[in-house]
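Protein chains in written order, with the working numbering: chain A, 1 to 77; chain B, 1001 to 1516; chain C, 2001 to 2144.
The block underneath contains the structure these notes are about, expressed in structure tokens.
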């Protein structure tokens, strides 16, 4: 079995709840989101070989997008 | 190999600024660069152009003289700010809030005798009469529409091909007119049809009862037929042409103003259209049609499968749009009146205190609040696209049913609220800061269909690219319009001459007063 | 990886790599929301990564989606830095006008218009004394 893909984001820059919401859209790759010290860790257990290089990039944008949208919505309350 | 050129972002601003220079008396504004100038816009829908070298002067509060007075009047400075005027403008711009749905789309059947390459309406074959709206359901549709609070009720018949179930159309028109004897709303009827099932009897009914007709006309014969395949026949163009002429003549026979009463047409732009903008416009002008809507194709419905053949990038569409608008303006300057409808919609927001309440370009969006769609089986959806999403197996945009739901339940439905939240520009990144925010709007359903997300990612959003590009082009033309000739044409396009609404008694002469 | 180079606007030190350019932003100069505002506008054409190398510092990495040469990456960083300035200006404009905008919007949506002259007149008529037959009696004709 291939190694899982593990991504790390600083909690002060990527909200855990937002990363979790972004991960739901990548459900096909078996994501799991945990907090570890200052970081949010996202582990993708089922990533096909052909997507291993691209997944971190694509997910990073989704995680950032969701963080910014949620932060904006909070600020608008 | 040539090095890839850096592509400037859609929404970034190519202007070096000094935030520390901001003087306290400068009012609220958004800004961008268009036509080589800095464009300022504000909450009241006012706009102002500044040469780029004077932007810093403005930030420092050092604009003076007549220009200062003009900018104060528009609300770009706190000094001299007329708060009542600004509040009044904002209120007027959002005057559509709280009115209730005025547009009621009624899908009388899913049956259709065409198989257009880009169709995104769910359709079935002509033998599927089980997809016809029953008269009982039609009655409930009318009852439900009248239970909504809008003073204006516009029943728009769609399909499939709606005339395949003409009894439902006839019933709804007659029942609505009868009911309106007591309700006294402003009633409007419109029929979106391919005209290929039309006959004299149907035409008489439609003309006598004030039902306006809108058809599809994609351009010259070969282009139209290429896009719109009539099953079992070779050409729909000639049939469309013939019936357009007959309807127009029938309205003239009734003594009605042909500028107001004529068959409207819509075109859909496919890849084949991109190089033929002038011919398409000429086709419309030839028929005396005064309005053309240059609409891009969306990768939904049938178009998903045919996209490689008929699709294009938004950049390609915007090039087509600009070039075709150039030609339309040339014609106007030479004395031929024809407006581009998308431009007219934006220009109404730019140049007048009003909002045209175009449900697909509003904030908050009009789906579920300004419009409802009733499927043949009586299910109620936020809009026609919502119905299409349901046909693909997702009921998220289904709000209820005419026989079991109340308007209060529909209005408070979580999906309606979600659409509203997803289309409040002030709460969305990029939209909140965008220079075109006062004149723009959001259709979350497009984001959902394109991205799987109601909110959408702004720079990637195809609708954002379309709206941004169109508004940028219109403002550019205004920025470059040194002699005012273009603005004069644009202002003509914003004049609304509404057809009088159908009176309660169709035998009485039409009112000479325009409708709201 | 090439040597760090000076970016054109506001002196960001950029580092170029394969398909990527990175720089560090001082949060004291550009708060996080301005960095986020700028980053959002680049999501369509590159991959954007944020990290925190130190307190009050945000590292920004922009990774091209395809091949990109040095001038392209350099221009990308320059545009991002420029957009930081624009975001900062927008924030300043917003802060400077927050209270008055709230007041104006409240007035637009939650206040009643000043009474029209007709309404005023009707209000005056209502306030006058009325005969049993509800014929208004001018004040100078009433007792006391």
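Glycine included, every Cβ here is placed at the ideal spot set by N, Cα and C.
Only a predicted model underlies this, so the values are computations on that prediction, with no experimental measurement involved.
Residues of chain C with CB under 9 Å from residue i, in chain order?
i: residue 1430 of chain B; result: 2037, 2040 and 2041
i: residue 1083 of chain B; result: 2100, 2103, 2104 and 2107
i: residue 1012 of chain B; result: 2038, 2041, 2042, 2079, 2080, 2082, 2083 and 2086
Among the options, whose alpha-carbon lies nearest the alpha-carbon of residue i?
i: residue 2050 of chain C; options: C/2069, C/2092 and C/2021; result: C/2021
i: residue 75 of chain A; options: C/2064, C/2032 and C/2061; result: C/2032
i: residue 1061 of chain B; options: B/1035, B/1020, B/1298 and B/1099; result: B/1020
i: residue 1103 of chain B; options: B/1466, B/1493 and B/1382; result: B/1382
i: residue 1167 of chain B; options: B/1135, B/1184 and B/1176; result: B/1135
i: residue 1288 of chain B; options: B/1257, B/1305, B/1311 and B/1367; result: B/1257
i: residue 1014 of chain B; options: B/1114, B/1380 and B/1052; result: B/1052
i: residue 1436 of chain B; options: B/1465, B/1415, B/1412 and B/1416; result: B/1465
i: residue 1082 of chain B; options: C/2077, C/2103, C/2069 and C/2016; result: C/2103
i: residue 1424 of chain B; options: B/1191, B/1367, B/1470 and B/1471; result: B/1367
i: residue 1237 of chain B; options: B/1224, B/1249, B/1248 and B/1193; result: B/1224
i: residue 1214 of chain B; options: B/1493, B/1247 and B/1184; result: B/1247
i: residue 1075 of chain B; options: B/1029, B/1114, B/1091 and B/1059; result: B/1029
i: residue 1157 of chain B; options: B/1372, B/1329, B/1305 and B/1068; result: B/1372
i: residue 1122 of chain B; options: B/1112, B/1130 and B/1129; result: B/1112
i: residue 2038 of chain C; options: A/2, A/48, A/68 and A/43; result: A/68
i: residue 1273 of chain B; options: B/1311, B/1205 and B/1264; result: B/1311
i: residue 2062 of chain C; options: A/65, A/62, A/57 and A/63; result: A/57
Please list, in chain order, the chain C residues whose beta carbon lies closer than 7 Å to that of residue i.
i: residue 1299 of chain B; result: Those within 7 Å of residue 1299 of chain B in chain C number zero; the least Cβ separation is about 17 Å.
i: residue 1219 of chain B; result: Simply none; closest approach about 32 Å.
Can you pull the chain B neighbours of residue i, defined as C-beta to C-beta under 7 Å?
i: residue 2092 of chain C; result: 1019 and 1022
i: residue 73 of chain A; result: 1427
If we count the other Cβ atoms within 10 Å of its Cβ and call it buried at 16 or more, is residue i buried or exposed?
i: residue 1132 of chain B; result: buried
i: residue 1388 of chain B; result: buried
i: residue 1393 of chain B; result: exposed
i: residue 1286 of chain B; result: exposed
i: residue 32 of chain A; result: exposed
i: residue 1553 of chain B; result: Residue 1553 of chain B lies beyond the range of chain B shown here (1001 to 1516); nothing can be said about it.
i: residue 1336 of chain B; result: exposed
i: residue 1009 of chain B; result: buried
i: residue 1024 of chain B; result: exposed
i: residue 2013 of chain C; result: exposed
i: residue 1042 of chain B; result: buried
i: residue 1240 of chain B; result: buried
i: residue 1359 of chain B; result: buried
i: residue 1313 of chain B; result: exposed
i: residue 1438 of chain B; result: buried
i: residue 964 of chain B; result: Missing from the structure shown is residue 964 of chain B; chain B here goes from 1001 to 1516 and no further.
i: residue 1150 of chain B; result: buried
i: residue 1463 of chain B; result: buried
i: residue 2017 of chain C; result: exposed
For residue i, go through chain A and note every residue whose CB falls closer than 8 Å to its CB, in chain order.
i: residue 1425 of chain B; result: Ordered by position in chain A, no residue passes the 8 Å Cβ test against residue 1425 of chain B, which lies about 11 Å from the chain.
i: residue 1452 of chain B; result: 25
i: residue 1455 of chain B; result: 69
i: residue 2030 of chain C; result: Chain A residues near residue 2030 of chain C: none, gap ~13 Å exceeds 8 Å.
i: residue 2048 of chain C; result: 60, 61 and 64
Take residue i and list the residues in its own chain whose beta-carbon comes closer than 8 Å to its own, dropping the five residues that flank it on each side.
i: residue 1474 of chain B; result: 1343, 1346, 1347, 1350 and 1490
i: residue 1293 of chain B; result: 1266, 1267, 1340, 1341 and 1342
i: residue 1333 of chain B; result: 1485 and 1489
i: residue 2053 of chain C; result: 2024 and 2059
Quick one: list the residues of chain B neighbouring residue i, beta-carbon separation under 9 Å, in chain order.
i: residue 2109 of chain C; result: 1087, 1090, 1091, 1094 and 1097
Which residues in chain A sit within 7 Å of residue i, going by Cβ to Cβ distance?
i: residue 2052 of chain C; result: 10, 12 and 13
i: residue 2021 of chain C; result: Here the premise fails: no neighbours, minimum Cβ distance about 15 Å.
In its own chain, which residues sit with a C-beta less than 7 Å from the C-beta of residue i, not counting the 5 before and 5 after it?
i: residue 1480 of chain B; result: 1035
i: residue 2030 of chain C; result: 2084 and 2088
i: residue 1176 of chain B; result: 1142, 1155 and 1187
Ignore the nearest five residues each way along the sequence and tell me which others in residue i's own chain have a CB closer than 6 Å to its CB.
i: residue 2132 of chain C; result: Low confidence applies to residue 2132 of chain C: its pLDDT is 44, below 50, so where it sits in the model is not reliable, and the reading given next is rough at best. Closer than 6 Å at Cβ, skipping near neighbours: no residue.
i: residue 1357 of chain B; result: 1096
i: residue 1321 of chain B; result: 1294
List, in order along the chain, the chain C residues whose C-beta lies closer than 8 Å to that of residue i?
i: residue 1459 of chain B; result: 2040, 2041, 2042, 2043, 2044 and 2045
i: residue 1355 of chain B; result: By Cβ distance, chain C contributes nothing, its closest Cβ being about 13 Å from residue 1355 of chain B, past 8 Å.
Less than 7 Å between the CB of residue i and some heavy atom of the ligand FMN, yes or no?
i: residue 1401 of chain B; result: For the ligand FMN, the structure offers nothing, since it holds no ligand at all.
Query raised in the report: Using Cβ-Cβ distances below 7 Å, what residues of the segment 38-70 of chain A are close to chain B?
Result: 65, 68 and 69
Query raised in the report: What residues from the segment 4-30 of chain A come within 7 Å of chain C, judged by C-beta to C-beta, listed N to C?
Result: 10, 12 and 13
Query raised in the report: Name the residues in the segment 2072-2100 of chain C whose C-beta lies less than 9 Å from a C-beta of chain A; which are they?
Result: none
Requested in this report: Scan the segment 1023-1046 of chain B for residues whose Cβ lies nearer than 8 Å to a Cβ of chain C and list them as they occur along the chain.
Outcome: 1024, 1026, 1027, 1028, 1029, 1030 and 1043
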